[in-house]
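What follows is a set of notes on a single structure, which appears directly below.
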Amino acid sequence: MGGEERSEDRPKRGEDVDAGSLFVLKSKGTWWHCGFHLTTSIVAPALLSLPYAFKFLGWVAGISCLVGGAAVTFYSYTLLSLTLDHHASLGHRYLRFRDMAHHILGPKWGRYYVGPIQMAVCYGVVIANALLGGQCLKAMYLVTQPNGEMKLFEFVIIFGCLLLVLAQFPSFHSLRYINSFSLLLCLLYSASAAAASIYIGKGSNAPKKDYTIVGDQETRVFGIFNAMAIIATTYGNGIIPEIQATISAPVKGKMMKGLCMCYLVVIVTYFTVAITGYWAFGNKANGFIFTNFLNAETGHYLVPTWFIFLVNLFTVLQLSAVAVVYLQPINDILESVISDPTKKEFSIRNAIPRLVVRSLFVVAATIVAAMLPFFGDVNSLLGVSAMVAAVRQIIIDANTYKSVSALNKHHQGLFSFTRYENHDSLPSKMPALRSTTRSFLDFYQFGNKKAIEDERTRLNDEMNRGYFADMKEFKDHGGKIAAANKTIIPAASAIKFPVLAVTFSNGKSLKLPITPNSNEVDTESLAVPKVSLVCLSFRASSQEMISSWSKPFLETFGNRKDLQLFEVSFIDKWLLGLAPIRKLLLRVLQKPNNNENSVLQRQAVYAFGDHYNFRKQIKVLNLLTGYILLLDKSGRIRWQGFGTATPEEVSQLLSCTSLLLEDQ
Numbered sequence: 001m002g003g004e005e006r007s008e009d010r011p012k013r014g015e016d017v018d019a020g021s022l023f024v025l026k027s028k029g030t031w032w033h034c035g036f037h038l039t040t041s042i043v044a045p046a047l048l049s050l051p052y053a054f055k056f057l058g059w060v061a062g063i064s065c066l067v068g069g070a071a072v073t074f075y076s077y078t079l080l081s082l083t084l085d086h087h088a089s090l091g092h093r094y095l096r097f098r099d100m101a102h103h104i105l106g107p108k109w110g111r112y113y114v115g116p117i118q119m120a121v122c123y124g125v126v127i128a129n130a131l132l133g134g135q136c137l138k139a140m141y142l143v144t145q146p147n148g149e150m151k152l153f154e155f156v157i158i159f160g161c162l163l164l165v166l167a168q169f170p171s172f173h174s175l176r177y178i179n180s181f182s183l184l185l186c187l188l189y190s191a192s193a194a195a196a197s198i199y200i201g202k203g204s205n206a207p208k209k210d211y212t213i214v215g216d217q218e219t220r221v222f223g224i225f226n227a228m229a230i231i232a233t234t235y236g237n238g239i240i241p242e243i244q245a246t247i248s249a250p251v252k253g254k255m256m257k258g259l260c261m262c263y264l265v266v267i268v269t270y271f272t273v274a275i276t277g278y279w280a281f282g283n284k285a286n287g288f289i290f291t292n293f294l295n296a297e298t299g300h301y302l303v304p305t306w307f308i309f310l311v312n313l314f315t316v317l318q319l320s321a322v323a324v325v326y327l328q329p330i331n332d333i334l335e336s337v338i339s340d341p342t343k344k345e346f347s348i349r350n351a352i353p354r355l356v357v358r359s360l361f362v363v364a365a366t367i368v369a370a371m372l373p374f375f376g377d378v379n380s381l382l383g384v385s386a387m388v389a390a391v392r393q394i395i396i397d398a399n400t401y402k403s404v405s406a407l408n409k410h411h412q413g414l415f416s417f418t419r420y421e422n423h424d425s426l427p428s429k430m431p432a433l434r435s436t437t438r439s440f441l442d443f444y445q446f447g448n449k450k451a452i453e454d455e456r457t458r459l460n461d462e463m464n465r466g467y468f469a470d471m472k473e474f475k476d477h478g479g480k481i482a483a484a485n486k487t488i489i490p491a492a493s494a495i496k497f498p499v500l501a502v503t504f505s506n507g508k509s510l511k512l513p514i515t516p517n518s519n520e521v522d523t524e525s526l527a528v529p530k531v532s533l534v535c536l537s538f539r540a541s542s543q544e545m546i547s548s549w550s551k552p553f554l555e556t557f558g559n560r561k562d563l564q565l566f567e568v569s570f571i572d573k574w575l576l577g578l579a580p581i582r583k584l585l586l587r588v589l590q591k592p593n594n595n596e597n598s599v600l601q602r603q604a605v606y607a608f609g610d611h612y613n614f615r616k617q618i619k620v621l622n623l624l625t626g627y628i629l630l631l632d633k634s635g636r637i638r639w640q641g642f643g644t645a646t647p648e649e650v651s652q653l654l655s656c657t658s659l660l661l662e663d664q
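Under the UniProt record's numbering, the first residue of the sequence shown carries the number 1, and numbering increases by one thereafter.
What follows is the structure, encoded as structure tokens:
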């Protein structure tokens with residue numbers, strides 16, 4: 001029955017066909033069905049928390065984050081879809097995240113990292129939806145029975161019973177009609193929420209509009225992170241490959257149509273609810289906008305009670321559809337374990353275990369949901385813990401790293417040094433994907449063409465050298481990507497250290513290197529040194545490596561006034577570079593002076609922003625290791641080390657420093 005259809009209709013996969021792909025992920029849908037599935041998985045009632053997120057961000061930052069989230073996720077989903085399309089055209093159609101991870105990262109990464117994270121997030125969404133469904137049912141109950149005594153957990157159980165029935169739909173494709181109705185429902189409750197907000201905001205009993213961000217600085221910063229987590233949750237989708245798996249062959253171009261359809265709904269619903277809700281309630285917006293429709297002081301609704309009942313009904317019905325969609329990756333795994341692909345889909349051998357196991361998982365999710373009280377907090381928690389977006393980008397990065405171009409065995413560093421050679425040369429397998437990605441970039445060439453060309457060059461660099469190249473080196477050598485120089489590099493062949501703007505933890509700024517011609521020198525506090533040791537750290541993993549060099553350096557030259565020691569930490573996340581967050585972060589990062597009796601002090605400084613060009617100038621490749629650079633008075637790099645110091649390399653650093661001091 002299903003098995004014969006499957007083998008004929010579906011291109012060859014990266015692994016053997018199992019019961020999960022045979023019964024749950026049937027490839028029979030059109031791009032319309034794909035659009036329904038995508039809309040249900042993305043445009044969920046979590047969007048009703050957007051006014052609450054705006055409460056911590058304000059108008060400008062809130063709308064900017066909403067626009068940025070839409071652009072980033074649409075682009076990310078498009079890249080992932082193009083990757084899947086390309087492999088399908090080669091005859092290897094990957095149906096799940098873990099299939100991709102198995103092929104790109106290896107079987108252990110797919111089984112023990114990507115798969116569990118995706119399952120945890122999907123199950124978390126089911127739990128959150130069960131909780132919110134219970135809250136909406138209770139709201140409907142209180143409309144009809146204002147003095148009712150039923151508790152929230154009872155309504156969560158009622159919603160769980162509804163979910164228990166819907167969970168028995170056998171395949172993802174069988175949900176197409178439910179998800180088409182779900183699309184209509186999300187438009188209805190979004191329009192209702194926006195209309196109610198406008199009605200209340202213009203009414204005679206309208207709450208006072210206050211858009212100031214309340215709280216002290218620390219509270220505001222944590223509120224910003226909370227808001228970012230909520231917005232990330234609303235755009236989150238951990239099942240793109242599974243949704244694309246439901247499309248009948250050939251798949252090329254169909255997913256893109258579905259994404260465009262989905263994001264049209266996203267724009268209409270997200271922005272109307274967020275803007276109207278925040279406009280009406282300001283910084284008094286609650287974690288779930290419907291709760292603002294009740295006047296907390298008088299206990300009376302600000303809109304007709306039938307309206308409250310109706311919008312909550314819309315929400316409950318759509319929540320059930322969303323929960324069932326996010327159950328599909330779990331059902332796929334369960335089906336692979338408990339079902340026999342050689343038997344018919346609805347045979348007793350397969351039907352009874354399916355009924356029992358799916359029911360147990362829904363019951364467990366309902367029990368957990370009944371113990372969680374606050375949807376807003378759960379929503380932000382999911383945003384913090386949901387690493388699917390990161391996993392998706394890791395897969396894209398790994399795919400391009402592994403497939404686009406051959407890795408060079410010899411990377412030229414700053415100078416001639418011995419590099420460990422352990423990279424396998426990988427043939428280019430994805431010219432089509434690269435050209436498709438370039439075409440996508442060409443579509444957005446509205447601005448500076450030079451900037452676009454620079455970005456294209458950067459993209460090629462990142463495709464040739466990805467995150468997993470760094471991880472491989474770090475795993476093989478612990479960050480020791482090369483041996484340190486044994487002698488001083490001659491001044492004639494040494495390169496100049498690029499100008500780098502850094503910030504101290506007290507907020508003062510400085511530009512490295514400090515040279516006689518530098519305008520950054522404050523003669524009262526910081527003189528021009530004869531020699532500077534600059535330690536570069538791009539990730540937290542390299543902090544201990546840096547200390548293995550700086551500690552003996554301080555012990556040896558602690559009484560010298562003509563030396564400077566800088567430990568530079570690079571912080572490239574744009575959010576952390578925003579002024580209020582950066583100020584708080586610097587305050588947290590302040591370190592006590594542990595060498596008060598030493599003339600030479602370790603100066604911890606921080607470089608915020610994108611430093612791709614800086615890294616390119618000094619040919620920094622691996623971001624997981626530490627880089628130790630010895631600069632002379634003119635700012636030239638005269639010696640360098642990498643990773644964790646060995647006793648021999650420490651001796652070389654100290655002797656080269658002494659020689660430089662004598663020469664200067």
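Quick reminder that beta carbons are idealized off the backbone N, C-alpha and C, glycines included.
Same chain only: Cβ atoms within 8 Å of residue i, ignoring 5 sequence neighbours per side
| i | result |
| --- | --- |
| residue 152 | 134, 135, 138, 370 and 373 |
| residue 310 | 192 |
| residue 150 | 138 and 141 |
| residue 81 | 240, 244, 255, 256 and 259 |
| residue 321 | 40, 166, 175, 178, 179, 181, 182 and 185 |
Three-way DSSP call (helix, strand, coil) for residue i in this model
| i | result |
| --- | --- |
| residue 31 | helix |
| residue 145 | coil |
| residue 420 | Note that residue 420 has pLDDT 38, beneath the 50 cutoff, so the model's placement of it is unreliable and the number below is only indicative. Of the three classes helix, strand and coil, the one that applies to residue 420 here is coil, per DSSP. |
| residue 328 | helix |
| residue 641 | strand |
| residue 560 | coil |
| residue 528 | coil |
| residue 297 | coil |
| residue 502 | strand |
| residue 571 | strand |
| residue 565 | strand |
| residue 369 | helix |
| residue 285 | coil |
Same chain, Cβ closer than 6 Å to residue i, neighbours up to 5 away in sequence not counted
| i | result |
| --- | --- |
| residue 318 | 182, 185 and 186 |
| residue 246 | 29, 172 and 173 |
| residue 584 | 221 |
| residue 379 | For residue 379, the predicted model reports a pLDDT of 49, less than 50, meaning its position is unreliable; a value from the coordinates is still stated below. Closer than 6 Å at Cβ, skipping near neighbours: 46, 49, 230 and 233. |
| residue 556 | 654 |
| residue 114 | 97, 98, 101 and 391 |
Range of the contiguous alpha helix (DSSP H) that encloses residue i
| i | result |
| --- | --- |
| residue 683 | Lying outside 1 to 664, the shown extent of the chain, residue 683 is not represented and no answer is given. |
| residue 536 | Careful: residue 536 lies outside any alpha helix (DSSP H), inside the beta strand (DSSP E) at 531 to 537. |
| residue 25 | Looking at the DSSP string, residue 25 is not in any alpha helix (DSSP H), and its letter there is neither H nor E. |
| residue 88 | 50 to 89 |
| residue 102 | 97 to 104 |
Cut-off 7 Å between Cβ atoms - residues of its own chain near residue i, not counting five sequence neighbours on either side
| i | result |
| --- | --- |
| residue 662 | none |
| residue 194 | 272, 273 and 276 |
| residue 617 | 498 |
| residue 545 | 479, 625, 626, 643 and 644 |
| residue 666 | The question about residue 666 has no answer, for the chain in this structure spans 1 to 664. |
| residue 330 | 119, 122, 123 and 361 |
Min CB distance residue i to chain C below 8 Å
| i | result |
| --- | --- |
| residue 356 | In the structure shown, chain C does not exist; there is a single protein chain. |
Residue j beta carbon less than 8 Å from that of residue i
| i | j | result |
| --- | --- | --- |
| residue 179 | residue 325 | yes |
| residue 196 | residue 314 | no |
| residue 636 | residue 511 | no |
| residue 339 | residue 354 | yes |
| residue 641 | residue 649 | yes |
| residue 550 | residue 602 | yes |
| residue 210 | residue 282 | yes |
| residue 560 | residue 600 | yes |
| residue 43 | residue 251 | no |
| residue 334 | residue 167 | no |
| residue 159 | residue 128 | no |
| residue 70 | residue 235 | yes |
| residue 668 | residue 489 | This structure gives no information on residue 668, because the portion of the chain shown stretches from 1 to 664. |
First through last residue of the beta strand (DSSP E) which encompasses residue i
| i | result |
| --- | --- |
| residue 509 | 509 to 512 |
Legend entry - Residue ranges of each alpha helix (DSSP H) within the segment 154 to 205, 4 or longer: 176 to 202
Legend entry - Every unbroken alpha helix (DSSP H) within the segment 585 to 634, with a cutoff of 4 residues, ordered by chain: Listed in chain order, they are 612 to 617.
Inset, instruction - Entirely within the segment 210 to 254 and at least 4 residues each: give me those alpha helix (DSSP H) ranges in chain order. - result: 217 to 235 and 240 to 244
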